[in-house]
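Asks: Under our numbering, the first residue of the sequence shown is numbered 257, with each subsequent residue one higher.
Cβ atoms here follow ideal geometry from the backbone N, Cα and C, with glycine treated the same way.
Just so you know, these numbers come straight off a predicted model, no measurement behind them.
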Amino acid sequence: MWLRERCTSPASVQTATHQPLHQPCDFPPDLSIKRADLHEAASYASGSNKFLTVTFCDGHTSIFDAAVLDAEVDDFASYGIQQTDIKWPKLRCWDKSTGSDFFHTSYAAIMSGDPQKLLDLTSHLLADGHALVRGVPSRDMEVAAFARVVSGFPGGQVVRPTNWGPVFNVRSFPDAALKDLAYTADALPPHVDNPYRNPNPGFQLLHVLENECSSGESLAVDGFFAAEQLRAESPELFDMLRSTDVRWENDGGDRSTALVHWAPMLEVNQSSGVLTQVRYSPKSGGYCPALSMEEANLFYQARRRFSQLLNAEESTVRFQMVKGDLWIFNNLRVLHGRSSFNPQEGFRYLQGAYIDVDAVTSTYFRSKYKAQKMISDCDTA
Ligand SMILES: [Fe+2]
257 MWLRERCTSP ASVQTATHQP LHQPCDFPPD LSIKRADLHE AASYASGSNK FLTVTFCDGH
317 TSIFDAAVLD AEVDDFASYG IQQTDIKWPK LRCWDKSTGS DFFHTSYAAI MSGDPQKLLD
377 LTSHLLADGH ALVRGVPSRD MEVAAFARVV SGFPGGQVVR PTNWGPVFNV RSFPDAALKD
437 LAYTADALPP HVDNPYRNPN PGFQLLHVLE NECSSGESLA VDGFFAAEQL RAESPELFDM
497 LRSTDVRWEN DGGDRSTALV HWAPMLEVNQ SSGVLTQVRY SPKSGGYCPA LSMEEANLFY
557 QARRRFSQLL NAEESTVRFQ MVKGDLWIFN NLRVLHGRSS FNPQEGFRYL QGAYIDVDAV
617 TSTYFRSKYK AQKMISDCDT A
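(1) Terminal residues of the continuous alpha helix (DSSP H) containing Thr617?
(2) For the alpha helix (DSSP H) containing Thr378, name the first residue and the last one.
(3) In this structure, how does DSSP classify Asp341 when only helix, strand and coil are distinguished?
(4) Nearest by alpha-carbon distance to Val578: which of His592, Leu375, Phe459, Cys469 is it?
(5) With respect to 8 angstroms, is the separation between the Cβ of Asp442 and the closest non-hydrogen atom of ligand 1 below this value?
(6) With 16 as the cutoff for other CB atoms within 10 Å, does Tyr543 come out buried or exposed?
(7) Give the straight-line distance between the Cα atoms of Asn305 and Ala333, rounded to the nearest whole angstrom.
(8) Can you tell which of Glu261, Glu523, Pro345, Ser540 has its C-alpha closest to the C-alpha of Pro451?
(9) Where does Leu531 land, buried or exposed, given buried means 16+ other C-beta within 10 angstroms?
(10) Which first and last residues belong to the alpha helix (DSSP H) in which Ser353 is found?
(11) Residues in its own chain within less than 7 angstroms of Arg416 by CB, not counting five upstream and five downstream?
(12) Alpha carbon to alpha carbon, how far is Arg291 from Phe307?
(13) Locate the beta strand (DSSP E) running through Tyr439, then write down its first and last residues.
(14) Starting from Tyr363 and walking both ways along the beta strand (DSSP E), at which residues does that stretch end?
(15) Between the alpha carbons of Val426 and Tyr605, how many angstroms are there, rounded?
(16) Tell me the DSSP secondary structure of Pro455 in three-state form.
(17) Going by Cα to Cα distance, which pick from Leu554, Ser548, Phe562 is closest to Pro538?
(18) So is the beta-carbon of His463 under 8 angstroms away from any non-hydrogen atom of ligand 1?
(19) Based on the DSSP output, what are the partners of Asn553 in its beta bridges?
(20) Let me know if Glu296 comes out buried or exposed under the rule of 16 or more other beta-carbons within 10 Å of its beta-carbon.
(21) Pull up the DSSP beta-bridge partners for Asn425, would you.
(22) Along the chain, where does the alpha helix (DSSP H) containing Ser499 start, and where does it finish?
(23) Are the segment 352-359 and the segment 386-397 touching by the rule of at least three beta carbon pairs closer than 8 angstroms?
(24) Please return the same chain residues whose Cβ sits closer than 7 angstroms to the Cβ of Asp431, not counting the five positions on each side in sequence.
(25) Drop a sphere of 10 angstroms on the beta-carbon of Ala364, count the other beta-carbons inside from all chains shown, and report buried for 16 or more, exposed for fewer.
(26) Is there at least one Cβ from chain C nearer than 9 angstroms to Phe597's Cβ?
(27) Helix, strand or coil for Asp321 per DSSP?
(28) Report the CB separation of Leu572 from Leu475 in whole angstroms; it is logged as a contact under 8 angstroms.
(29) With a cut-off of 8 angstroms on the beta carbons, I'd call Pro520 and Val502 a contact; round off their distance for me.
(30) Would the segment 585-601 count as touching the segment 402-416 if we require 3 or more Cβ pairs under 8 angstroms?
(31) Indicate, with yes or no, if ligand 1 has a heavy atom lying under 8 angstroms from the CB of Asp449.
(32) Indicate the three-state DSSP secondary structure (helix, strand or coil) for Ser563 in the structure shown.
(33) Return the residue from the list Ile337, Leu287, Gln628, Asp331 that minimises the CA-CA distance to Ser265.
(34) Sorted by chain position, which residues of the same chain lie with C-beta nearer than 8 angstroms to Leu554's C-beta, five sequence neighbours on each side aside?
(35) With a threshold of 16 other CB atoms inside 10 Å of the CB of Leu294, please say whether the residue is buried or exposed.
(36) Out of curiosity, what's the CA-to-CA distance linking Ser318 and His447?
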C-alpha cells in the first residue's frame, strides 16, 4: 500500500495535479506485489537513473523513481509526493555561539521585485527561524503592509488579528486599555507569544518605529536547539513535555474575554520525530494538570530543565534593534524577549503583527519557482 499510494500513473491520479483518484477502501486489504524490477533510465526529477517497476496482485503496474523513494524514506518530513521537487530548506538550529550573526537584508532589496531576494529571506526564515530587515519606513501600519509582502497568499488581509487588532503597539505603557507585561519598561525573559491561542500565531513581525533608548536589547533563543539539548540529555523528560497537554490562559488584556488553550510545551511530527513547535511563556501559564505524583514530579523536573536551557546565556542571541529594523521570527520556534529599558532616555515604539507559518512557506516556493523560471527564460533567450 505504501508504494501504491505513491503511484502517479493516470489510473491512480489526476494527471494535472497528481491528486489521488481513489478511496483507501477501493484497494484490496491483502494488496501485495507480484513482481518488482529495478532498471536504468534517464530521470528528470531526481537526476538519478534507477527506476522501480512494480506489478501488484490486482494487475496494476506502477513505475517509481527509486531515488525519490529513497529520499523520502530518509527524510519523510521534507519531501513531496504529488510534487516530488518540493523540498523544505533544512532546519539549522543555533545557540549564541553559532547564531549571533543571523541573516539580515534590506527593505529596498525585498521591495525591488527580485524573487531571489524574497527567496533568500524566506529560506532563512524557514531554516533559521528568524531574520532582520533593515531600513523599513517608520510609518504606522507599515508592519501590516510588509506582512503582505512576506505572505505568499494573494490579496486580502493576511495578518492574524488578536485582541489588540491587526497590529499591536509595544511601548512602555498599556496599548490602549489593554495591559500586558510587554507594555512596560521591564525586562521580558524569553517567551513565545499567544500560546493561549488555538492555533498559535506563526511568524511575528516586529517593527521599530522609534527607539531613542540605548537600553532594551532584544534577545532571541532557538527553542528547537534547547529542546534538542533536552532530548539528548533525557528522552524521558523530553517526552513528558511532548505528551502533557498543559493549560495556557489570557484574559484579553482587560478581562473582556478568556482565551484558553490546552497544548503541550513541545510538539513533534509524530512520524518523523522532527520538532514542529515549542510553547514556553510563564506569563501565560502552562499549568500542569493533576497528574499522579510520580508523573507530576517528572513533568516539573522536565519543565525546570527546559526553562534552564532556554534562559541560559549560551542559548541567547542579543542584539540592539534600531529605528527602521523589522525582525521576523517564527513564534512557534524562536523565543523572544528584551532587557529592561529606561523610558526617561526617550521614546521606544515598536509595532507588531502575526502571519501564518504556511504564508511564509508559500512565499518561499512562489519565489523559488519565479526565480527558477527567470533563469530558464534567460537560458532560452
Ligand atoms: Fe512577546
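Replies: A quick look at the data gives this:
(1) Bounds of the alpha helix (DSSP H) holding Thr617 are 613-636.
(2) Counting along the chain, the alpha helix (DSSP H) containing Thr378 begins and ends at 371-383.
(3) In the structure shown, the three-state DSSP call for Asp341 is coil.
(4) Residue Cys469 is the option with its Cα nearest to Val578.
(5) The answer is no for Asp442.
(6) Label assigned to Tyr543: exposed.
(7) If I take the Cα positions, the gap works out to 24 angstroms.
(8) Measuring from the Cα of Pro451, the nearest candidate turns out to be Ser540.
(9) By the 16-neighbour rule on beta-carbons within 10 angstroms, Leu531 is buried.
(10) Counting along the chain, the alpha helix (DSSP H) containing Ser353 begins and ends at 352-355.
(11) Here the set comprises Pro457, Tyr610, Ile611, Asp612.
(12) The straight-line gap from Cα to Cα measures roughly 14 angstroms.
(13) According to the DSSP assignment, Tyr439 belongs to no beta strand (DSSP E), since it is labelled neither H nor E.
(14) It is not in any beta strand (DSSP E) - Tyr363 instead sits in the alpha helix (DSSP H) that spans 363-367.
(15) Straight-line Cα distance between these residues: approximately 6 angstroms.
(16) Three-state DSSP puts Pro455 in coil, outside helix and strand.
(17) In terms of Cα proximity to Pro538, the closest of Leu554, Ser548, Phe562 is Phe562.
(18) Not so, every heavy atom of ligand 1 lies at least 8 angstroms from the Cβ.
(19) For Asn553, which the question treats as bridged, DSSP gives no partner whatsoever.
(20) Result: exposed.
(21) The partner list for Asn425 (beta bridge, DSSP) reads Gln607.
(22) Membership of Ser499 in the alpha helix (DSSP H) is indicated by the continuous run 491-499.
(23) Touching, yes.
(24) Correct list, in chain order: Trp420, Phe424, Asn425, Tyr439.
(25) Residue burial is scored here from C-beta neighbours: Ala364 has fewer than 16 other C-beta atoms within 10 angstroms and is therefore classed as exposed.
(26) Here there is only one protein chain, and chain C is not present.
(27) Strand, per DSSP.
(28) The amino acid occupying residue 572 in the given sequence is Thr; Leu does not appear at that position. Cβ atoms of Thr572 and Leu475 come within 8 angstroms of each other, at about 5 angstroms.
(29) Contact flag correct, Cβ pair sits at about 7 angstroms.
(30) Taking a cut-off of 8 angstroms on C-beta distances, the segment 585-601 does not touch the segment 402-416, as fewer than three cross pairs fall below it.
(31) Checking the Cβ of Asp449 against ligand 1 gives yes.
(32) Correct three-state label for Ser563: helix.
(33) Closest by alpha carbon: Ile337.
(34) Result list for Leu554: Glu492, Leu493, Met496, in chain order.
(35) Per the 10 Å Cβ criterion, exposed.
(36) Straight-line spacing of the CA atoms in Ser318 and His447 works out to 49 angstroms.
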